[in-house]
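One structure is given here, and the rest of the page talks about it.
Protein chains: 2
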Amino acid sequence: MAEETEHLKELITGIAKQARAASLELATLDAAQKNRALEILADRLVAATGDLLAMNQKDLAAAKALELAPAMVERLTFTPERIAKMADGVRQVAALPDPVGEELERISRPNGLDIRKVRVPIGVVGIIFESRPNVTIDCAILCLKSGNAAILRGGKEAFHTNMALAEIIHEALTEAGINPLAVQLIPTTDRWALNELLKLDKYVHCIIPRGGETLIRFVAENSRIPVIKHYTGVCAIYIDAEADADMAESIVVNAKTDRVGVCNSIENLFIHRDVAASILPKLARAFEAKGVEMRVDHAAGRVLEKINAGGIAHGVPSIDYNYATEDDFYAEYLDYIIAVKLVDSVDDAIAAINLYGSAHSDGIVTGNEETAKRFMLGVDSATVYWNASTRFTDGYEFGLGAEIGISTDRLHARGPMGLRELCSYKYLIFGSGQVK
Amino acid sequence: MAEETEHLKELITGIAKQARAASLELATLDAAQKNRALEILADRLVAATGDLLAMNQKDLAAAKALELAPAMVERLTFTPERIAKMADGVRQVAALPDPVGEELERISRPNGLDIRKVRVPIGVVGIIFESRPNVTIDCAILCLKSGNAAILRGGKEAFHTNMALAEIIHEALTEAGINPLAVQLIPTTDRWALNELLKLDKYVHCIIPRGGETLIRFVAENSRIPVIKHYTGVCAIYIDAEADADMAESIVVNAKTDRVGVCNSIENLFIHRDVAASILPKLARAFEAKGVEMRVDHAAGRVLEKINAGGIAHGVPSIDYNYATEDDFYAEYLDYIIAVKLVDSVDDAIAAINLYGSAHSDGIVTGNEETAKRFMLGVDSATVYWNASTRFTDGYEFGLGAEIGISTDRLHARGPMGLRELCSYKYLIFGSGQVK
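Below, the structure is given as structure tokens:
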């Protein structure tokens, strides 16, 4: 056992050292050479469709034996169409502008020093992810394009598919004249190996965990390397007293039901007390139609009770709802459930969002600009919307052209992370003999 | 004992929660109110000179009893002049532009969404520092100006002085109508308390350790909160074959000897083999005059040997030098010692700097623009100089107006950190009912 962990340690240290060496080469490559590698990779992925499907079958067989959930098996499954789509994605990243070398600032000092702040790769980026094998290609190409060496650690469910993809990446890099160790897949999903990697702050500069909360928490607690976390979100919409009712309904229903299992869908709805009676009935029917369960606070419950009481006389079917506990407002359902609370003012809505939410994506629906501005200033979230669905928090929707994830941290990158967010910067200082 | 740690845990959690609440208020303050607090603080510091000196005496008495090194006692000592200077520093920060609210980017999407990326405070910043009490004021005012709540944990040597300073800060905040818990000093230097703080990622968003390597490593290894490290530096100058000899000498001597105990002074010197014989004699005499010991590789040693042999015939006193071990090139002397190695090319110099250095500040002296560009691209350091001393790596020299430190990390902030680097950003998205 001790021998085995010693072996793992050597393996991981070797990978990290080679990645560091490769990163120094990558940082000096021009865009053309990186793009050539991406074009070759796209072609090779399509050409290897048969081999990839065969390796994917191995993972699918193991998934069957392990009785994985159907949704998980579905995400794991390659088809010729999915492989073609993956190759298209690679070509799209090749077509994006190279972030490396972009000048961010220029400072001229009285002593004649000319200081330029330019974008450079971070160095070595470790990405820890689960299940979906197309993430392997996504991470590899975004790191390559941004000049970073990548160390990838995928989930065990996709192990064989990932190994096959890594092989194709190595071939493409080699053909393009790039050190193939610029992208390395850790050939084991052992938790010990991951733990070793997280100690190697001498060689690895950034860790991006993508996946479930348990994985992310494990990484954040054990890493000596800076981590950019990608937790999912507890998002909310606040319907203000001056909201357009139709717009409010449309935004809330979209933000809740367009896809329920994603980080930028909403879990909480706050409604100004003055408009609850007018907004809730139609909204409740819309939720009903979509199969969304409402969990409401006592104030909202009283409004619904009254509506139902009024409706009974006219033979209107009752609106269904349950009462929320305090915990419901902290919950990330990722399901057809929404917690509803009435508030007295925009300030109450701001306080509720800052209290219950996860500072991911939150929105206000209002026709009042002053109220909107107050909300946007006060809500401490990565993305704050005025009169739009929270579902737009996404690298593609932001026009970044690509996305490695959505950071829930506040340092370095916040919100959608594209190629630029995979970069650091350095200062180039041009002098003529200046001394201090 | 268990009771005591439980008490500490409660104390620290309380501080962190209060800081979080204060940070939400701070984030919405306008520049005028923050600046008013700074002006009041400056006045109060001067007015409290007598009290501060009295509290400082307590620390100095303890320092005497503990037989602290004279340099440390010197750094700990307040004088009326130092207090006045500190107050001036506070007024200077008040005069700087407010980074909060600055628009960083604007994206207009085809669907009509208007996306604005604006600078916002990080939230709650924990700063761990040692000995010098003026750091307490520096950190407090930079956090306040950038809208961050600060949790300060100073060294035990300055405990009484720091407590007195914290009291004055609270009074100034209160007088300016700002929540005084926006700046809190942890009223204990217990390591357990620090450890508790490092776990509170729910309330604290960033930790900045400033001090010795042991402290920084402890923080990096134990923190669940993102850390921006401030290690010191192993910096170098490379004298190219096409360097102006006088400029090279002036830059190298300045970068080594202007102040030896600072992070941006050099520890290594790399010289192109072709110019070693012409550059080394004068440079060695200059080092001699400043009391700098040269530790040279074998190639440089042979050159010096030959020079000495030639000089003996003419009665020239020998140049003193010692041979370097491999470890010498990794060493951070912070002393009157320099390690010297000959290299064959700019590429060798780049490789040596990337191998031995700490990616802090490195420079080339050359008249050849192509060589300089190759060096600036290839050297993977936060600041890379062409024909200037590395001693300019400093927030003030960069024109930032203030400095919380010099980050040796690659994420978020790299190199000198001013007010902007104490900020995060958020996206404000203006819609007209868009749904996905």
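Sequences listed follow chains A and B, in order. Counting in UniProt numbering, the first sequence runs without a single skipped number right up to 436 at its last residue. Counting in UniProt numbering, the second sequence runs without a single skipped number right up to 436 at its last residue. We put the beta carbon where it would ideally sit given N, CA and C, even for glycine.
| Check | Outcome |
| --- | --- |
| Indicate whether I127/A and L152/A have their beta-carbon atoms separated by less than 8 Å. | yes |
| Just mark V100/B as buried or exposed, buried being the case when its beta carbon has 16 or more other beta carbons within 10 Å. | buried |
| Rank A95/A, N179/A, G177/A, L428/A by C-alpha distance to the C-alpha of A382/B and give the top, closest one. | L428/A |
| Is it the case that the segment 133-145 of chain B contacts the segment 103-111 of chain B, given that we only count it when at least three CB pairs across the two stretches are under 8 Å? | no |
| Identify the residues that DSSP records as bridge partners of W386/B: which are they? | F430/A, I364/B |
| Helix, strand or coil for L104/A, going by three-state DSSP, please let me know. | strand |
| Can you round the beta-carbon distance between I237/B and I266/B to whole angstroms, since I take them to be within the 8 Å contact cut? | 5 Å |
| Which same chain residues end up closer than 6 Å to E421/B when comparing Cβ atoms and leaving out the 5 residues on each side of it in sequence? | A413 |
| Is L422/B helix, strand or coil when you go by DSSP? | helix |
| Could you name the residues that DSSP lists as bridge partners for P121/A? | C423/A |
| Can you have a look at N322/A and say buried or exposed, based on whether 16 or more other CB atoms are within 10 angstroms of its CB? | exposed |
| How close, in whole Å, do the beta carbons of P226/A and L411/B come, if the pair is a contact with beta carbons under 8 Å? | 5 Å |
| For the alpha helix (DSSP H) containing N134/B, list its first residue and its last residue. | 134-145 |
| Please report the straight-line C-alpha distance between D88/A and P80/A, rounded to a whole angstrom. | 12 Å |
| Can you list the residues of chain B that A258/A reaches, using a CB-CB cut of under 7 Å? | Just to set this straight, residue 258/A is Asp in the shown sequence, not Ala. Ordered by position in chain B, the residues that pass the 7 Å Cβ test against D258/A are K436. |
| Would you kindly work out how many angstroms separate the C-alpha atoms of A172/B and N35/B, rounded to a whole number? | 11 Å |
| Quick one: what does DSSP say L269/A is sitting in, helix, strand or coil? | strand |
| Can a CB atom of chain B be found closer than 8 Å to the CB of Y356/A? | no |
| Measure from the alpha carbon of H360/A to the alpha carbon of each residue in H205/A, V204/A, K426/A, T393/A, then state which is nearest. | T393/A |
| For E249/A and A289/A, which I take to be in contact (beta-carbon distance under 8 Å), what is that distance rounded to the nearest angstrom? | That pair is no contact at about 11 Å. |
| Name, in chain order, the residues that DSSP records as bridge partners for I168/B. | Paired residues: none, contrary to the question. |
| Which partner residues does E293/B have in the DSSP bridge list? | I337/B |
| Consult DSSP for L200/A and reduce its assignment to one of helix, strand or coil. | coil |
| Does any C-beta atom of chain B lie closer than 8 Å to the C-beta of S131/A? | no |
| Roughly how many whole angstroms lie between the Cα atoms of A241/A and I338/A? | 20 Å |
| Under 6 Å Cβ to Cβ from T371/B, same chain only, skipping five residues before and after it: list those, please. | D240, V346 |
| For H412/B, which residues in chain A fall below 7 Å Cβ to Cβ? | L411, H412 |
| Please tell me whether A16/B and L200/B are closer than 8 Å, where the distance is taken between their beta carbons. | yes |
| What in chain A is Cβ-close to V206/B, meaning under 8 Å? | Note on residue identity: the sequence assigns Cys, not Val, to residue 206/B. Per Cβ cutoff of 8 Å: R410, L411. |
| Kindly identify the DSSP beta-bridge partner or partners of Q184/B. | I151/B |
| Is the distance from the Cβ of C423/B to the Cβ of P70/B below 8 Å? | no |
| Please confirm whether R109/B has its beta-carbon closer than 8 Å to some beta-carbon of chain A. | yes |
| Determine the burial state of A65/B: buried for a count of at least 16 other Cβ atoms within 10 Å of its Cβ, exposed for fewer. | exposed |
| Starting from G50/B, trace the alpha helix (DSSP H) in both directions and tell me its first and last residue. | 49-65 |
| In terms of residue numbering, what span does the beta strand (DSSP E) encompassing S23/B cover? | It is not in any beta strand (DSSP E) - S23/B instead sits in the alpha helix (DSSP H) that spans 2-26. |
| Quick check on DSSP: helix, strand or coil for R109/B? | coil |
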